[in-house]
Amino acid sequence: MVTPFPSCPPDRIGDNEFENDEPQFLAPNAKCQIILRTPFTRDKSITLNPFSSAVELSNEIRSIPVEEEELKLHISPSLRHVTVFPSKGFKEFIKVKVASRRVSYRMLFYSLLLFTFLLRFVFVLTAVDGIDGENKCSTIGCLGKKLGPRILGRRPESTVPEVIYQTLDEPLDKHELRGRSDIPQTLEEFMTEMKKGGYDAKTFAVKLREMLTLMEQRTRMAKIQEYLYRHVASSSIPKQLHCLSLSLANEHTNNAAARLQLPSAELVPALVHNSYFHFVLASDNVLAASVVATSLVRNFLRPQKVVLHIITDRKTYYPMQAWFSLHSLSPAIIEVKALHHFDWFTKGKVPVLEAMEKDQKVRSQFRGGSSAIVANTTEKPKIIAAKLQALSPKYNSVMNHIRIHLPELFPSLNKVVFLDDDIVVQTDLSPLWDIEMNGKVNGAVETCTGEDKFVMSKRLKSYLNFSHPLISTNFNPNECAWAYGMNIFDLKAWRKTNISNIYHYWVEQNIKSDLSLWQLGTLPPGLIAFHGYVHVIDPFWHMLGLGYQENTSFSDAESAGVVHFNGRAKPWLEIAFPQLRPLWTKYVNFSDRFIKSCHIRAL
Numbered sequence: 095m096v097t098p099f100p101s102c103p104p105d106r107i108g109d110n111e112f113e114n115d116e117p118q119f120l121a122p123n124a125k126c127q128i129i130l131r132t133p134f135t136r137d138k139s140i141t142l143n144p145f146s147s148a149v150e151l152s153n154e155i156r157s158i159p160v161e162e163e164e165l166k167l168h169i170s171p172s173l174r175h176v177t178v179f180p181s182k183g184f185k186e187f188i189k190v191k192v193a194s195r196r197v198s199y200r201m202l203f204y205s206l207l208l209f210t211f212l213l214r215f216v217f218v219l220t221a222v223d224g225i226d227g228e229n230k231c232s233t234i235g236c237l238g239k240k241l242g243p244r245i246l247g248r249r250p251e252s253t254v255p256e257v258i259y260q261t262l263d264e265p266l267d268k269h270e271l272r273g274r275s276d277i278p279q280t281l282e283e284f285m286t287e288m289k290k291g292g293y294d295a296k297t298f299a300v301k302l303r304e305m306l307t308l309m310e311q312r313t314r315m316a317k318i319q320e321y322l323y324r325h326v327a328s329s330s331i332p333k334q335l336h337c338l339s340l341s342l343a344n345e346h347t348n349n350a351a352a353r354l355q356l357p358s359a360e361l362v363p364a365l366v367h368n369s370y371f372h373f374v375l376a377s378d379n380v381l382a383a384s385v386v387a388t389s390l391v392r393n394f395l396r397p398q399k400v401v402l403h404i405i406t407d408r409k410t411y412y413p414m415q416a417w418f419s420l421h422s423l424s425p426a427i428i429e430v431k432a433l434h435h436f437d438w439f440t441k442g443k444v445p446v447l448e449a450m451e452k453d454q455k456v457r458s459q460f461r462g463g464s465s466a467i468v469a470n471t472t473e474k475p476k477i478i479a480a481k482l483q484a485l486s487p488k489y490n491s492v493m494n495h496i497r498i499h500l501p502e503l504f505p506s507l508n509k510v511v512f513l514d515d516d517i518v519v520q521t522d523l524s525p526l527w528d529i530e531m532n533g534k535v536n537g538a539v540e541t542c543t544g545e546d547k548f549v550m551s552k553r554l555k556s557y558l559n560f561s562h563p564l565i566s567t568n569f570n571p572n573e574c575a576w577a578y579g580m581n582i583f584d585l586k587a588w589r590k591t592n593i594s595n596i597y598h599y600w601v602e603q604n605i606k607s608d609l610s611l612w613q614l615g616t617l618p619p620g621l622i623a624f625h626g627y628v629h630v631i632d633p634f635w636h637m638l639g640l641g642y643q644e645n646t647s648f649s650d651a652e653s654a655g656v657v658h659f660n661g662r663a664k665p666w667l668e669i670a671f672p673q674l675r676p677l678w679t680k681y682v683n684f685s686d687r688f689i690k691s692c693h694i695r696a697l
């Protein structure tokens, strides 16, 4: 390309001489020195008449020798001309490979303008993050502040004085805080004292540590007191329920209608006939048993095919018989029997009763009672709550252990559904008999999957102590657990196994180890005994947690087939969750004379 040399008159060679790559030459007879610059030639100065013919100009250009050598890029000060030079005899500028195209000054101007705007934008964001003092990188400026020191190998500097960390890390004897009145009781008092006192950083940290330690102690004690009150409330028999049992026992003595044979003689063959739907309920709570029975029969599509076997203890037998004699659920068949009415239970030694006696002795010696548990100042409140719950009478009740002897108690039956007394049936349960068990013994709902992570997150490690070698060498801690409360038991398949003996063996091992294998109830040994014999059923059939998960919605619970008030907040207690209690009270007839006389109300 031919480029005008700067010595040409600027008034005749304007700024636009190379628009469209066509040079604008001078006036006639004017001559000018022209430099020919190409990627393949040295700089050559030639003097030509701008109005020479094309042939003359072409011949002159062809006479210039071509050499191959290293080329250089020169950008003119006006940013409008880009020229390639050879390396010899010229100062080196930029060693690049370029294409044969011009750079627009407008593009460069806009690029610089955009770059300037971005710099100002980043500066503003950095300033804002510095003022806010936030720890999270939510902007580009903050991100730069966070990543910059790391890229350079430095840790970001903390704005908190080191003396505060040192003071907060120093141990504090909790007894030092007793009887002191100078410790702020609230955050407002603390801030007021700090503003008025003009304390330094160390004094600030000392006051803050004392206040937080005192609040932590009070919070811990309040939590423990809550667990203790809940333990007392859930373990005691409300006076209304005690009144109901006494009234029914008196009715049983004075009223022949309260002493009817249950069931009547003509219905006795149905008790052992496998064409009926057999349910088993073990309970010493008359009111709870009546809700289970009423909800079961009322929601069953063929109530005439229902047989409910109610098992109770000796002291509750007469009140239970009186209630169901006076409150018929016909056409369903109701049987009420006490444990001493079973021939098997009265013959020889019963392993579960022996285990219960030993278990009670170990618990009373090992635990030291609720007073000793609450007095412990080192354990966490949740550990104390678990120990208090272990003292609950229901965990050592024969009604809780009796299910492990179902094959012996009902030798003629092939399949039963076992129900706890704190459940409510809300649908027809006859489809449970259509579930194919595939040789398994126990049809149950798993408790490790579900939307409610608080309730449905139970695995074997939630119940068994895997720090004990007997447990860790035999079981997988992450294996899914299942629930008691509503279970299908294939008694025919059960009788072919050694489940009952396995149950008693592990209960004995737990007693020998001072309850170090597990602490609570009959579910842990059940998880072990039925290991490998559980058939998982749909969660619809058994919704758990209504006795300890307050966040359970009424609509979710109402849509379940069976709801289970497992936990301390039983529906017949005043500590029950008020939004869930109507699911249970709807099956209580509060106009009944026994209910009214004992002042049992729908709270």
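Residue numbering for the sequence shown is 95 to 697, as defined by the numbering used here. Beta carbons are placed, not taken as given, at the ideal position from N, Cα and C, and that holds for glycine.
Q673 counts as exposed, since fewer than 16 other C-beta atoms from the protein chains shown sit within 10 angstroms of its C-beta. The Cβ-Cβ distance between L585 and L513 does not fall below 8 Å.
Excluding the 5 residues flanking it on each side, F436 has same chain C-beta neighbours closer than 7 Å at L503, in chain order.
Taking 4 residues as the shortest admissible run, the region 477 to 564 contains the following complete alpha helix (DSSP H) segments, listed from N- to C-terminal end: 492 to 495, 500 to 503. Scanning W588, L390, L271 for the CA closest to the CA of I517 turns up L390. Comparing C-alpha distances from F659 to each of N344, A577, D407 shows the shortest one belongs to A577. G292 counts as exposed, since fewer than 16 other beta carbons sit within 10 angstroms of its beta carbon.
Residues P357, V401, H403, I427, E429 of the same chain have their beta carbon placed closer than 8 Å to that of L365, with the five preceding and five following residues left out of the count. Burial of A352 is indicated by the presence of at least 16 other C-beta atoms within 10 angstroms of its C-beta.
The beta carbon of Q520 sits closer than 8 Å to the beta carbons of S389, N393, E652, A654, G655, V656, V657, L677 from its chain, once the five residues preceding and following it are set aside; these are given in chain order. Judged by DSSP secondary structure, H421 falls outside any alpha helix (DSSP H); it is assigned neither H nor E. Of E264, V492, C337, the smallest CA-CA separation from I405 is found for V492. Around the beta carbon of G626, a 10 Å sphere encloses fewer than 16 other beta carbons of the protein chains shown; the residue is thus reported as exposed. In the three-state reduction of the DSSP assignment, L375 falls in the strand class. Taking 8 Å as the cut-off, the beta carbon of V510 is found no closer than this to the beta carbon of A587.
DSSP, reduced to helix, strand and coil, places K690 within a helical segment of the structure shown. In the DSSP assignment, the residues bridged to W576 are E540. One Cα belongs to I498, the other to F284, and the distance between them is close to 59 Å. The alpha helix (DSSP H) runs of length 4 or more contained entirely in the region 578 to 664 are, from start to end of the chain, 585 to 588, 593 to 606, 617 to 623, 648 to 652. Between the region 407 to 415 and the region 334 to 350 there are three or more C-beta pairs closer than 8 Å, enough to call the two in contact.
Of the residues T280, K680, T286, E602, the one whose Cα lies closest to the Cα of E310 is T280. In the structure shown, the three-state DSSP call for L202 is helix. DSSP places T280 in the coil class of the three-state scheme, outside both helix and strand. Comparing alpha-carbon positions, the option among I669, W612, D686 lying closest to S330 turns out to be I669.
Of P505, S384, K606, A376, the smallest CA-CA separation from I496 is found for A376.
Counted as a single uninterrupted DSSP element, the alpha helix (DSSP H) harbouring V257 occupies residues 256 to 263. If you compare the alpha carbons of L564, R274, L262 with that of A295, the shortest gap goes to L262.
K474 carries a coil assignment under DSSP once its states are collapsed to helix, strand and coil. Take D515, set aside five residues on each side of it, and the residues of its chain with a beta-carbon closer than 7 Å to its own are L375, S377, N379, A382, A383, V386, in chain order. CA-CA distance, Y642 to G661, rounds to 5 Å. In the structure shown, the three-state DSSP call for K431 is strand. Separation of the CB atoms of L526 and I582 is rounded to 5 Å, and the pair is thereby assigned contact status at 8 Å. Distances from the CA of Q355 to each of K431, I478, T286 were compared; the closest alpha carbon is that of K431. Under the Cβ criterion (8 Å, minimum of three pairs), the region 561 to 580 counts as touching the region 603 to 623. Under the DSSP definition of a beta bridge, I318 lacks any partner.
Our two residues, A575 and M637, have alpha carbons roughly 15 Å apart in a direct line.
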